[in-house]
Amino acid sequence: MISSALISPKSIVVVGASNDLSKPGGKVLRNILDHSFGGKIMGVNPKENSVQGIPCFQSCEELPEVDLAIVAIAAQHVEEALKVLALKKNCKAFIVFSSGFSEIGEEGELLEKRCVELVESVGGTLIGPNCIGVLTPSYKGVFAGPIPKFSYQGCDCVSASGATLVFILEQAIPRGLTFSSLFSVGNSAHVGVEEILEYWDETFDPLHSSRIKLIYMEEVAKPDKFLKHALSLVKKGCRIAAIKAGATDAGSRAVSSHTGSLAGSDTAVAALFRKAGIVRCYSRVELVYVAAIFSHEQLKGKRLAIITHAGGPGVMLTDILIKGGMHVPRISGPAADRLLQKLHHGSSVSNPIDFLATGTAEQLGEILDCVDNELEDIDGSVVVFGTTGMWSVNNVYEVLHRKMKKCRKPIFPILPSVIQAAEEVSRFQSQGGINFTDEVSFGYVLSRVMRTHPAFPAADLPLIQKDIIRKVIDNSLGGFLNPDDCYSLLNAAGIPMVKQIIVQTEEEVNTAFHQMKKPLVMKVIGPLHKSEFSGVKLNIQTEVQATEFYAELMKIPRASGVLMQTMLSGNEFFIGAKKEENFGHLILCGLGGIFVEVFRDISSALSPLSREEAVSMLKRLRSYPVIKGVRGKKGIREELIVDVLLRVSALIEAAPEIEEMDINPLIGTDEFLEAVDVRIKISSTRG
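Heads up: the sequence shown at position 301 corresponds to 310 in our numbering, and the numbers run straight through without jumps.
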């Protein structure tokens with residue numbers, strides 16, 4: 010879908026070209042001219058014969074054939090211009106700056122659709138409308154924002170918002186980041202974020218392509234395509250950071266089960282990003298800091314040395330790193346003693362390594378060499394070095410830059426003196442250095458990067474009895490399944506379930522009582538949340554109790570029967586599934602019983618699951634230590650939970666008609682894990 014004419018055109022026309030640089034058609038033309046486009050460039054403006062020194066035509070009809078058209082005219086004139094360019098001028102690529110399309114309502118949406126159909130009729134590519142343009146190695150076709158320094162190994166960035174892209178650049182350029190390409194997709198009428206990911210994936214060159222991809226998006230229109238190409242890029246060695254704006258409150262939906270109340274579109278987006286190994290960001294600053302971290306040598310472990318000449322920043326950085334799950338190990342022993350001898354009196358090497366305000370460039374070099382060659386329990390270092398403005402720090406930054414290129418372990422520079430050391434920082438960046446300015450922001454973002462799991466391997470689901478599952482599903486009329494059908498589905502999926510019998514008369518109660526191991530639990534069938542109606546009776550030991558409770562439960566409104574089960578003792582766990590529009594199914598888990606709603610400690614992932622992904626779901630839970638067992642109380646054996654998670658995923662894949670599934674609770678110990686209560690809702694529409 011991405012035409013080569015968009016990426017490397019031999020000729021460009023700016024429709025709406027202007028001498029006025031305050032207009033999009035003037036500014037984009039100036040940017041193209043100022044940044045050495047090697048092809049032919051023309052303008053269209055009915056009032057001009059020459060614009061900014063290049064030929065200008067009165068109309069598109071007068072143009073010769075052209076590869077790329079950048080359109081900066083009023084929306085009502087765009088369709089006619091595209092018609093001439095596409096059908097008469099062999100144009101294959103179009104960037105439409107103009108607003109006034111689908112973002113304003115139905116009339117604009119119809120106009121936008123006609124423009125897309127025109128472009129598609131000639132096999133072309135349309136970017137926008139309502140965008141700020143495109144930047145590639147060939148040309149700088151944007152009208153807004155600063156033009157970043159180009160590098161093939163710089164960042165690739167795609168944004169659904171032109172203004173946001175501008176503000177990202179405003180943050181990125183002062184950090185020393187460079188860019189290979191920028192795509193502002195605007196309304197994404199023809200090309201959206203997913204198509205740009207597809208292009209990056211299918212044209213990836215391991216020798217020349219950027220390995221850093223940055224994304225700002227406001228919807229995930231095509232989750233399958235997004236996941237496919239993001240996963241492929243990550244597996245090729247790329248690292249991706251993304252902002253998904255427009256998050257919804259997952260608890261705001263009023264739906265018909267516990268699972269439904271916990272799953273939401275933002276939950277699905279988070280699960281999608283995790284599955285692909287994408288670092289999720291929530292602000293432009295975070296996105297830029299992640300990009301800067303990606304631009305340095307990759308940190309292989311979580312143990313850091315903090316090197317500073319100012320105590321306060323070292324303390325704050327240590328705190329935020331430890332809170333984020335990183336480690337700042339105490340440094341001691343012969344190597345530490347030798348290093349201390351090379352520093353001024355009063356310095357400390359215990360970590361943070363504080364070599365005082367009077368510390369020199371040579372001492373910084375000694376510290377970095379020691380960390381790199383002698384401290385085996387350190388994986389990388391962070392250097393915080395600014396200035397009071399009393400002397401130049403050029404020599405310090407020269408040593409820092411040299412060691413960053415030479416040392417095996419990554420070095421992250423935090424250079425906070427953006428005013429008093431502006432010249433020195435600029436020189437550091439001119440040599441290819443990329444730096445940070447705030448130690449707490451850096452520590453927070455680095456911790457998140459290190460917590461992001463690499464892309465998970467492909468799913469390898471257990472074998473289940475799909476024929477039985479399909480028979481139950483195909484015979485269902487939709488809505489909530491009865492307990493027998495729920496039991497059949499779980500049994501066919503190999504999910505252990507406690508022995509149960511449905512009774513609808515006192516005689517059946519008496520018969521079931523003698524067939525089951527005591528004590529028993531009895532649950533009303535019908536009402537959705539049984540506990541709210543006192544619809545659960547526990548620890549039933551006698552036949553008289555069973556008969557009395559049966560009569561009581563059947564008086565509850567909408568009661569259609571009673572479920573009798575053997576009462577288990579152990580820890581309560583929850584596993585559920587929720588069909589999320591466009592995304593497929595979310596699998597969810599957490600502590601069971603009432604805790605699922607009280608603590609809302611829920612982990613989620615998109616089906617199908619790999620074993621590694623199921624394990625990761627458990628370890629992300631805040632209650633993971635409880636599940637493992639604490640203070641002498643045994644937990645649930647992890648392998649048992651992982652197996653059920655994989656079997657739930659296999660069941661969902663075999664029966665995608667399942668809209669909601671709520672297994673709550675499962676009762677487990679280190680010896681068994683059995684489902685006690687399950688509700689399954691089937692879609693009433695098929696196909």
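We put the beta carbon where it would ideally sit given N, CA and C, even for glycine.
Residue i versus residue j: straight-line alpha-carbon distance, rounded
i, j, result
"Ser266", "Asp671", "Residue placement at Ser266 cannot be trusted, given a pLDDT of 40 that sits under 50; what the coordinates show is reported in the next sentence. One C-alpha to the other measures close to 7 Å."
"Ala366", "Ala467", "52 Å"
"Val200", "Val278", "20 Å"
"Ile249", "Ile221", "6 Å"
"Gly398", "Gly320", "18 Å"
"Gly644", "Thr145", "55 Å"
"Asn491", "Leu499", "13 Å"
"Leu72", "Ile156", "29 Å"
"Val481", "Gly601", "27 Å"
"Gly310", "Glu648", "26 Å"
"Glu590", "Gly171", "27 Å"
"Gly1", "Val229", "The requested residue 1 does not occur in the structure, where the chain is confined to residues 10 to 696."
"Gly593", "Ser625", "20 Å"
"Ser720", "Glu517", "Nothing can be reported for residue 720, as the shown portion of the chain is limited to 10 through 696."
"Glu680", "Met525", "21 Å"
"His336", "Ser359", "13 Å"
"Gly47", "Gly25", "21 Å"
Endpoints, alpha helix (DSSP H) assigned at residue i
i, result
"Pro322", "320-332"
"Lys284", "274-285"
"Asp165", "Careful: Asp165 lies outside any alpha helix (DSSP H), inside the beta strand (DSSP E) at 159-168."
"His702", "What is shown of the chain runs 10 to 696, which leaves residue 702 out entirely."
"Arg656", "647-663"
"Ile636", "633-637"
Proximal residues to residue i (C-beta, below 6 Å), its chain only, five neighbours per side dropped
i, result
"Gly535", "Arg567, Ala568, Ser569"
"Ala198", "Glu121, Val125"
"Glu622", "Phe465, Ala614"
"Pro322", "Val393, Glu448"
"Ala663", "Lys475, Ile478"
"Cys247", "Arg220, Lys222"
Chain-order list of residues whose beta-carbon lies under 8 Å from that of residue i (same chain, five-residue window excluded)
i, result
"Lys92", "Leu127"
"Lys351", "Gln372, Glu375"
"Lys418", "Glu306, Val380, Asp381, Ile387, Asp388, Gly389, Ser390"
Secondary structure of residue i, DSSP reduced to three states
i, result
"Leu615", "strand"
"Ala684", "strand"
"Leu206", "helix"
"His305", "coil"
"Gln509", "strand"
"Gln438", "helix"
"Gly260", "Low per-residue confidence applies at Gly260: pLDDT is 33, beneath 50, and the placement is therefore not dependable enough to give any value."
"Leu178", "helix"
"Val474", "Looking at the sequence shown, residue 474 is not Val but Gln. In the structure shown, Gln474 sits in coil (DSSP, three-state: anything other than H, G, I, E or B)."
"Lys19", "coil"
"Pro232", "helix"
"Lys56", "coil"
"Arg289", "strand"
"Ser569", "coil"
Residues near residue i by beta carbon distance below 7 Å, same chain, minus five either side
i, result
"Gly544", "Lys532, Val533, Pro536, Leu562, Ile565"
"Gln61", "Asn28, Leu38, Arg39, Leu42"
"Gln550", "Lys527, Pro528"
Opening and closing residue of the beta strand (DSSP E) in which residue i lies
i, result
"Pro674", "667-677"
"Asn580", "580-589"
"Met459", "Element bounds for Met459: not the beta strand (DSSP E) but the alpha helix (DSSP H), 448-460."
"Leu120", "No beta strand (DSSP E) contains Leu120, which is instead part of the alpha helix (DSSP H) from 115-130."
"Arg248", "248-253"
"Ala153", "Element bounds for Ala153: n/a, residue is neither H nor E."
"Ser193", "188-193"
Nearest residue (CA-CA) to residue i, options the options
i, options, result
"Asp723", "Glu669, Leu470, Thr212, Gly133", "Outside the shown range of the chain (10 to 696) lies residue 723, about which nothing can therefore be said."
"Gly142", "Leu308, Leu77, Gly185", "Leu77"
"Met506", "Glu683, Thr551, Gln554", "Glu683"
"Tyr633", "Ala663, Gly48, Gly599", "Gly599"
"Phe152", "Ile596, Phe106, Leu424", "Phe106"
"Leu223", "Leu236, Gly163, Lys244, Thr276", "Gly163"
"Ser578", "Thr678, Phe608, Phe522, Gly488", "Thr678"
"Val639", "Asn580, Ala664, Ile584", "Asn580"
"His353", "Glu383, His318, Phe235, Ala344", "His318"
"Ser616", "Val131, Ala83, Pro232", "Pro232"
"Ser168", "Phe188, Tyr161, Gly154, Gly195", "Gly195"
"Cys290", "Pro343, Ser456, Ser497, Pro665", "Ser456"
"Ser401", "Ser426, Leu349, Ile443, Asn139", "Ser426"
Cβ-heavy atom distance, residue i to the ligand FMN, below 6 Å
i, result
"Glu121", "For the ligand FMN, the structure offers nothing, since it holds no ligand at all."
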